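In what follows, a structure is listed as structure tokens, so that the remarks can point back to it.
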Amino acid sequence: MSRGRRKPDWLKSRPPSGSRFTEIKSTLREHDLHTVCEEANCPNMGECWSGNDGPGTATFMLLGDRCSRGCNFCDVETGGMEALDPDEPANVADAVAEIGLDYVVLTSVDRDDLADGGSAHFAETIRAIKRRDPEILVETLIPDFGGDPEAIRRIIDAEPDVIAHNVETVERLQWPVRDRRANYEQSLAVLDQVDRESDIHTKTSLMLGVGEYDHEVYRTLGDLREVGVDVVTFGQYLQPSRSHLDVFEYVHPDVFETWRRVAEEEFDFLYCASGAMVRSSYKAGELFVEALLREGRSPEDARRHARAAGGD
Ligand code: SF4
Numbered sequence: 018m019s020r021g022r023r024k025p026d027w028l029k030s031r032p033p034s035g036s037r038f039t040e041i042k043s044t045l046r047e048h049d050l051h052t053v054c055e056e057a058n059c060p061n062m063g064e065c066w067s068g069n070d071g072p073g074t075a076t077f078m079l080l081g082d083r084c085s086r087g088c089n090f091c092d093v094e095t096g097g098m099e100a101l102d103p104d105e106p107a108n109v110a111d112a113v114a115e116i117g118l119d120y121v122v123l124t125s126v127d128r129d130d131l132a133d134g135g136s137a138h139f140a141e142t143i144r145a146i147k148r149r150d151p152e153i154l155v156e157t158l159i160p161d162f163g164g165d166p167e168a169i170r171r172i173i174d175a176e177p178d179v180i181a182h183n184v185e186t187v188e189r190l191q192w193p194v195r196d197r198r199a200n201y202e203q204s205l206a207v208l209d210q211v212d213r214e215s216d217i218h219t220k221t222s223l224m225l226g227v228g229e230y231d232h233e234v235y236r237t238l239g240d241l242r243e244v245g246v247d248v249v250t251f252g253q254y255l256q257p258s259r260s261h262l263d264v265f266e267y268v269h270p271d272v273f274e275t276w277r278r279v280a281e282e283e284f285d286f287l288y289c290a291s292g293a294m295v296r297s298s299y300k301a302g303e304l305f306v307e308a309l310l311r312e313g314r315s316p317e318d319a320r321r322h323a324r325a326a327g328g329d
């Protein structure tokens with residue numbers, strides 16, 4: 018356990034700043050929108066929002082800012098969920114256009130309190146963005162919707178460019194890391210359904226430093242490839258507060274680099290982003306375009322795909 022142990026130097030990050038950052042923040046407030054970037058106080062906000070040499074990326078959090086679950090690693094508030102904001106899909110599409118993003122990540126809290134888990138609202142937000150501009154690439158980081166295949170199908174039918182769902186950690190540690198309503202098999206089934214029912218790229222993320230063994234991570238990579246996952250990311254778990262799960266270990270950057278190579282060279286993932294500061298949608302736009310190029314496809318090709326898929 019690392020309770021109270023000093024964070025190593027490689028975990029130091031600069032607070033986000035700059036005109037682009039301030040501009041985006043005010044646009045979000047104008048449209049009454051939430052982002053995971055802000056809710057989780059993500060260390061990469063400045064970098065992602067500015068989009069150095071590629072499409073800027075921001076991750077919008079849908080379905081409110083309070084979750085029906087309480088995972089022990091997550092800083093999002095639990096309980097007290099409010100009614101969905103019917104204007105949210107249009108507001109997100111407006112904000113995306115105003116900020117000028119060409120790669121958007123949509124995620125959400127879990128809403129086990131809603132009959133469809135919020136899937137129809139999530140799907141409508143994808144459609145609202147694509148109706149506004151079919152050229153925009155949309156990545157969705159979805160909950161497991163309680164394993165309801167109909168809810169997942171609603172997301173597939175809205176035709177985003179990437180569907181991500183996080184397994185978060187290895188099978189043995191699902192509890193206590195995740196809420197008891199989440200589990201390894203259910204998360205693999207979500208990714209498997211997308212792979213079987215569409216040609217949409219799939220993606221997942223694992224946190225390291227919660228007590229996993231190497232052989233478990235290795236096995237997880239195998240399980241993910243078995244259900245057709247294209248992209249995987251690894252990042253360091255950071256304790257949001259003393260009431261959250263302890264950090265078991267600060268994983269060295271060399272270990273992250275090893276997992277990147279294993280994932281790409283041994284398991285043939287299309288792309289693996291791996292590093293202490295990497296988060297699910299870290300530089301998602303740039304990495305996705307990179308992944309397409311590896312597949313021999315061009316971003317134009319992806320956009321043609323998006324245009325064909327988006328214009329309904
Ligand atoms: S499901 Fe878990 S990880 Fe996701 S927002 Fe809720 S508490 Fe956080």
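For the sequence shown, my numbering begins at 18 and goes up steadily by one. Each residue gets a CB set at the ideal place from its N, CA and C atoms; glycine is no exception. Keep in mind the model is a prediction, meaning the values are calculated, not measured.
Does the beta-carbon distance from residue i to residue j come in below 7 Å?
i: Ser298; j: Thr76; result: yes
i: Val249; j: Leu208; result: no
i: Leu7; j: Thr95; result: The question about residue 7 has no answer, for the chain in this structure spans 18 to 329.
i: Arg144; j: Ala175; result: yes
i: Phe305; j: Phe273; result: no
i: Thr219; j: Val211; result: yes
i: His261; j: Asn58; result: no
i: Ala293; j: Trp27; result: yes
i: Glu115; j: Thr39; result: no
i: His182; j: Ala112; result: no
i: Val121; j: Val155; result: yes
Going by DSSP, what residue range makes up the alpha helix (DSSP H) through residue i?
i: Cys289; result: Unbroken run through Cys289 is the beta strand (DSSP E), 288-291; no alpha helix (DSSP H).
i: Arg56; result: The identity of residue 56 in the sequence shown is Glu, whereas the question assumes Arg. Segment 53-56, the alpha helix (DSSP H) holding Glu56.
i: Leu101; result: Looking at the DSSP string, Leu101 is not in any alpha helix (DSSP H), and its letter there is neither H nor E.
i: Ser222; result: Counting along the chain, Ser222 falls outside any alpha helix (DSSP H), though it belongs to the beta strand (DSSP E) covering 218-225.
i: Thr186; result: Careful: Thr186 lies outside any alpha helix (DSSP H) and carries neither H nor E.
i: Trp27; result: Taken as a continuous stretch (DSSP letters only), Trp27 belongs to no alpha helix (DSSP H), as it is neither H nor E.
i: Ala168; result: 166-174
i: Ala132; result: Note, Ala132: premise wrong, no alpha helix (DSSP H); not H, not E.
i: Phe273; result: 270-278
Is residue i near the ligand SAH, with its Cβ less than 6 Å from a heavy atom?
i: Cys84; result: This structure lacks the ligand SAH; the ligands present are the ligand SF4.
At which residues does the beta strand (DSSP E) containing residue i begin and terminate?
i: Ser125; result: 120-125
i: Ser36; result: Segment 36-47 is the alpha helix (DSSP H) holding Ser36; no beta strand (DSSP E) there.
i: Leu241; result: Counting along the chain, Leu241 falls outside any beta strand (DSSP E), though it belongs to the alpha helix (DSSP H) covering 231-243.
i: Phe251; result: 248-253
i: Glu156; result: 154-158
i: Ala181; result: 179-181
i: Leu208; result: Looking at the DSSP string, Leu208 is not in any beta strand (DSSP E); the run it does join, the alpha helix (DSSP H), is 201-214.
i: Phe77; result: 74-79
Report all residues from its chain with a CB closer than 8 Å to the CB of residue i; omit the five preceding and five following residues, and keep chain order.
i: Arg171; result: Asp133, Ser136, Ala137, Phe139, Ala140
i: Asp129; result: Ser85, Arg86, Gly163, Arg198
i: Val268; result: Leu225, Gly226, Gln253, Ala293
i: Arg242; result: Phe284, Asp285, Phe286
i: Tyr235; result: Val279
i: Ile217; result: Ile173, Glu176, Pro177, Asp178, Val179, Ile180, Val211
Use the C-beta contact count for residue i: other C-beta atoms within 10 angstroms, 16 or more gives buried, fewer gives exposed.
i: Trp192; result: exposed
i: His51; result: buried
i: His232; result: exposed
i: Ala290; result: buried
i: Ser204; result: buried
i: Asp271; result: exposed
i: Asp196; result: buried
i: Asp178; result: buried
i: Pro106; result: buried
i: Arg296; result: buried
Closer than 7 Å by C-beta to residue i: which residues in its own chain qualify, once you throw out the five before and the five after it? Chain order, please.
i: Pro160; result: Ser125, Asp127, Gly134
i: Met98; result: Gly81, Arg83, Ser85, Arg128, Asp130
i: Leu190; result: Val227, Gly228, Glu229
i: Asn108; result: His48, Asp49, Leu50
Enumerate in chain order the residues of its own chain whose CB-to-CB distance from residue i is below 6 Å, with the five nearest sequence positions on each side excluded.
i: Ala110; result: Ala145, Ile146, Arg149
i: Thr237; result: Val187
i: Lys29; result: none
i: Pro257; result: Asp92
i: Ala168; result: Asp133, Gly134, Ser136, Phe162
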